[in-house]
Every structure is written in C-alpha cells, then in structure tokens.
Amino acid sequence: MADWLTPDQWSAVTLSLKVSFWATALSLPVGVAVAYVLARREFWGKQALNGLVHLPLILPPVVTGYLLLLTFGRRGAVGSFLEDTFGLVFAFRWTGAALAAAVMAFPLMVRAIRLAIEAVDPKLEQAASTLGASPGWVFVTVTLPLILPGVIAGAILAFAKAMGEFGATITFVSNIPGQTQTLPSAIYSFLQVPGGDAQAAQLVLIAVAIALLALLLSEWVGRAVARRIAGS
C-alpha cells in the first residue's frame, strides 16, 4: 500500500488510524460507565445527561468543533489549564483530532453499550448482590461478561465513526498535512486541487474498505463472544 499511495496520502491514512485508535481507547471506559448509569440508575438530571451525550449527533459537526475550540483551545478555560498544568495541547494538534473524533463517536458507543446492558436481566445482578458481592464486583463478574458483545460492537463502531469524522476535526484542529490532516480532510484537500481526483478516489476506496471491515468485524466479534458466553 505504501508504494500505491503518495507520502501525503499514506500520512493521512496512518494519522487517521492513530487518531481513531486513541479516540476509541480513551473514551471506552467513560462510555461503559455512562451507558451503565443511563441504563441502571434513576436520578435527577438523567434526561439532561442523556441529551448531552447525544448532542453531537444533532448539532452540526462544525458547531461541535467550534465549541471544542472555545473550550479546549489555548485561550479556553480547560485548554489553558491543561497546557499550563500538564503541557497538553489540543488545538491544531493530532491530540485535538482524537478529542474531536471521540466526542463525535461517543453517542454511538454509548448507545450500543446501553442497549446491551438493558438486555441483561437485572435479576442476575440482584442474585449476585444477595450473595454478598459488591456493586463493582457484580459488574465485573456478571454484567460485563454478558454485555461484552455490545461493548466490542460499540468500540468498533466508534472507531469507524472516528475514521470518518471531518467537520468537527477540521474546525478544531484545521487541515495541516502531516500533523492534523486525517483521511477525510485529505480527500477534501485533493478534491480542491486540479487533477487531484485520482488521489481522492484512492483514499475513498480505503475509507470504504475500512468502514466495511469495521462493520463485518463488529458483527463477527459480537457473535463469537455471544456464542462463547452462551456455551459457558
């Protein structure tokens, strides 16, 4: 593939994989926790939390990117604190692309995991609690193994969504080749250049292949885990 693609194309593909991996890996524990709270807990403000989680699906991606820039930019309250305290910069960096991708993919991840949790019979968790298990131990030993197909499916779907994120990313971190230019941004850039259609088409094929592979992998892994749990 390296010989088939130009250095700029290859850089966009590898950066997209890097961004999507970290966006998925770092948001997965939070996604599981939020999904569990929404599925199993009743509290004041639950609907507000649910709306906030799904807000990126409703807002235009450019608006989400702008809000991220206001919050996590170097002049933003959170962004300036992170830079001064930890030296962590998001705006116009690949880390910002990962953050934007994670925010945009988060609703899909939470929804898949929440549906898996709601499908688990609460009586199984209650039975473990009556035997003296703590809530955390109940989750680890009873709930998590049963929802594992949903967790894996949610993670893979989030990864695929992160690979295709464009609007929020380009607004938050711009389109800098070799630094923040992801696969969708590179396709957009090639389409703006005369004669760049062929290079854009190559990247489109790669994007379609990755998306299809993610969907197939999600189905296969989910079914494999489900069969293993049923067999045990």
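For the sequence shown, full-length UniProt numbering puts the final residue at 232, and the numbers step up evenly by one.
No residue lacks a Cβ here, since even glycine has one placed at the ideal position from N, Cα and C.
Around Ala207, the same chain offers Leu183 as residues with beta carbons nearer than 6 Å, after the five sequence neighbours per side are excluded.
Between Pro149 and Ala116, the C-beta spacing is below 9 Å.
Per DSSP, Asn50 is one residue of the alpha helix (DSSP H) stretching across 46-58. Counting only residues of its own chain and dropping the five nearest sequence neighbours on each side, Trp94 has a CB closer than 8 Å to the CB of Leu15, Lys18, Val19, Val173, Gln179, Thr180.
Residue environment analysis places Lys123 among the exposed positions, since fewer than 16 neighbouring C-beta atoms fall within 10 angstroms of its C-beta.
Residues of the same chain with a CB within less than 7 Å of the CB of Ala97, apart from the 5 flanking positions on each side, are Val19, Thr169, Val173, Thr180, Thr182 in chain order. Of the residues Ala211, Lys46, Ala153, Ala100, the one whose Cα lies closest to the Cα of Leu70 is Ala100. At a Cβ-Cβ threshold of 9 Å, Ile113 and Ala35 count as neighbours. Taking 9 Å as the cut-off, the Cβ atoms of Gly154 and Met109 count as close. Classified as buried, Val103 has 16 or more neighbouring CB atoms from the shown chains inside 10 Å of its CB.
The three-state reading of DSSP puts Asp121 in coil, since its state is none of H, G, I, E or B. If you compare the alpha carbons of Leu49, Val32, Phe166 with that of Val140, the shortest gap goes to Val32. Using a Cβ-Cβ distance cut-off of 8 Å, the stretch 193-203 and the stretch 3-13 are in contact, since at least three pairs of beta carbons, one from each stretch, lie closer than that value.
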